[in-house]
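Trainee: After the structure tokens below, expect a handful of questions from me.
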Amino acid sequence: MSYLVFIVAVGLFALFGGGGPLHRDTWFDPMMRRIDALDLDAPLSLALRVAVPLVIFLFLFWVLAFFLGELGEALVSVALLYFAFGRDDYPTDLQRFLARARVGDLDGAEMLVTDPSALPEQGLTLPDAALQSFGYRGFARWFPTVLYFCLLGPFAAVAYRLIDLMNVRSNGQFQSAVALLEWLPARALLLTFSLLGDFEKSRSLLTDQAFDKTYSNQSLLSLSIARAWHLDLSAAETPTGV
185 MSYLVFIVAV GLFALFGGGG PLHRDTWFDP MMRRIDALDL DAPLSLALRV
235 AVPLVIFLFL FWVLAFFLGE LGEALVSVAL LYFAFGRDDY PTDLQRFLAR
285 ARVGDLDGAE MLVTDPSALP EQGLTLPDAA LQSFGYRGFA RWFPTVLYFC
335 LLGPFAAVAY RLIDLMNVRS NGQFQSAVAL LEWLPARALL LTFSLLGDFE
385 KSRSLLTDQA FDKTYSNQSL LSLSIARAWH LDLSAAETPT GV
């Protein structure tokens, strides 16, 4: 049943992308305003923001399971997994970045990666920043959702996405919780890249940087992509050679 749920949900995601009917999250806004008015501590506020939607989803799951049996469970599970996938239009943004980079529009390319003024402060070149940004976005919209679905079921995948959405809507207030939830998926993907790509160049990432708290999930993923697939970013002073 889980395999069928996964296949159908992925098919819907491929068909509708990140803007499908279950990705219209405006229903969060009234709830967010009510919880903000309570002026709770950050951990309790996050728990409430995640628990309320989960209780609603769980109630719908029980109702449909009661009336439709396994079919109802499958329908809700498909909807939950689809809901748990990322929202942004990643393929379009990536193509826009590549198109601008190839014609030498560096200012336009920078705007699609990050705040241009932040690049010097972070000590990143544009190719490094692009790899970090798009590598992480591709990871976050898909991989943690699938991993938590496979390990713990659709409600775990939804819980991850709810925390991520609440973090985005609160301008990074819950970033530490998101980083904690992405720790295992990021290392699992790092291991996958290492086994499928150049293991010798990636081995130190598995033994050293993977457990170094100074490395963020974003930087670790970009390093794993570069080493496993032999990307020489130092030779790309500008992204026009992309």
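Numbering (this note's numbering), first residue to last: 185 to 426.
Idealized CB from N, CA, C, for every residue including glycine.
(1) With a threshold of 16 other CB atoms inside 10 Å of the CB of Leu407, please say whether the residue is buried or exposed.
(2) Cutting at 8 Å between CB atoms, please list the residues of its own chain near Leu368, excluding the five before and the five after it.
(3) Per DSSP, what kind of secondary structure is Thr210 in: helix, strand or coil?
(4) Flag this pair as touching only if the segment 333-344 and the segment 260-272 have three or more C-beta atom pairs under 8 Å; answer yes or no.
(5) Helix, strand or coil for Tyr187 per DSSP?
(6) Pull up the CB-CB distance for Phe154 and Leu380, whole angstroms please, since I reckon it's below 8 Å.
(7) Use the C-beta contact count for Pro304: other C-beta atoms within 10 angstroms, 16 or more gives buried, fewer gives exposed.
(8) What is the residue span of the alpha helix (DSSP H) that Pro275 lies within?
(9) On a Cα-Cα basis, can you pick out the residue from Leu230, Tyr187 and Leu188 that is closest to Ser354?
(10) Quick check on Gly270 - is its C-beta less than 9 Å from some C-beta in chain C?
(11) May I have the straight-line CA-CA distance separating Leu315 from Leu389, to the nearest angstrom?
(12) How should Ile409 be labelled, buried or exposed, when 16 other C-beta atoms within 10 angstroms of its C-beta is the threshold for buried?
Mentor: Judging by the given coordinates:
(1) Under this definition Leu407 is a buried residue.
(2) Around Leu368: Leu331.
(3) helix
(4) yes
(5) Three-state DSSP puts Tyr187 in a helix.
(6) The chain is shown only over 185 to 426; residue 154 falls outside these bounds and no answer can be derived.
(7) Because Pro304 carries a pLDDT of 48, less than 50, the predicted location of this residue cannot be relied on, and the following value inherits that uncertainty. Result: exposed.
(8) Residues Tyr274 to Arg286.
(9) Leu230
(10) In summary, chain C is missing from the structure at hand, where a single protein chain is found.
(11) When rounded, the distance between both Cα atoms is 17 Å.
(12) buried
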